[in-house]
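If you want it as structure tokens, here you go:
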């Protein structure tokens, strides 16, 4: 005991109480850190969900017309066949078919549709479906599209329908 200053005598168990308080403070600090971590994770999850939602909405907007444009592909095919049957001679029927075809292509193009007509281009298995091979005609490199039976289409750079093609054989 301190005889000079009796008021500073240590109370019995004071060290125990101080130790308990220190332990409580440490436990509360650990809990605060844990809650901060959980809050940061939840905030990150919400931000990821927001980004995913924005991406999904953008994809839905870009491909909203997919069914309609897919349903119009036989119309494009019919107009192509009509133009082929009309021959190359100018006539009111041919001019009307060409005008209708161009208008339809423009409307479809404004909605993200792109025509694939790969005649004389290298075969691309991502956009073309080879239905046959033939000996390479003179001046045509092997692996080149020789004939297009059915044009293909992309919708906003995603394949809607592959072009059906005949490819020059490799020797």
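In UniProt numbering, the protein residues as written are 1 to 171.
Idealized CB from N, CA, C, for every residue including glycine.
For residue i, which of helix, strand or coil comes out of DSSP?
| i | result |
| --- | --- |
| residue 140 | coil |
| residue 152 | strand |
| residue 130 | strand |
| residue 114 | strand |
| residue 147 | strand |
| residue 122 | strand |
| residue 60 | helix |
| residue 165 | strand |
Just to confirm my understanding: we take residue i, look at its own chain, exclude 5 residues before and 5 after, and list those with CB closer than 6 Å. What are they?
| i | result |
| --- | --- |
| residue 164 | 129, 131, 149 and 150 |
| residue 168 | 136, 140, 142, 144 and 146 |
| residue 52 | none |
Which one of the options has the shortest CA to CA distance from residue i?
| i | options | result |
| --- | --- | --- |
| residue 113 | 24, 56, 49 and 161 | 161 |
| residue 104 | 22, 79, 17 and 67 | 79 |
| residue 157 | 66, 27 and 45 | 66 |
| residue 109 | 21, 44 and 72 | 72 |
State the CB to CB distance for the pair residue i and residue j, rounded to an integer number of angstroms; the pair is presumed to be in contact (CB under 8 Å).
| i | j | result |
| --- | --- | --- |
| residue 69 | residue 111 | 6 Å |
| residue 97 | residue 115 | Not a contact, Cβ separation roughly 16 Å. |
| residue 195 | residue 166 | Outside the shown range of the chain (1 to 171) lies residue 195, about which nothing can therefore be said. |
| residue 87 | residue 127 | About 29 Å; that fails the 8 Å criterion. |
| residue 63 | residue 159 | Not confirmed; about 12 Å, so no contact. |
The ligand PLP heavy atoms versus the CB of residue i: any closer than 6 Å?
| i | result |
| --- | --- |
| residue 17 | Absent from the structure shown: the ligand PLP. Ligands present: none. |
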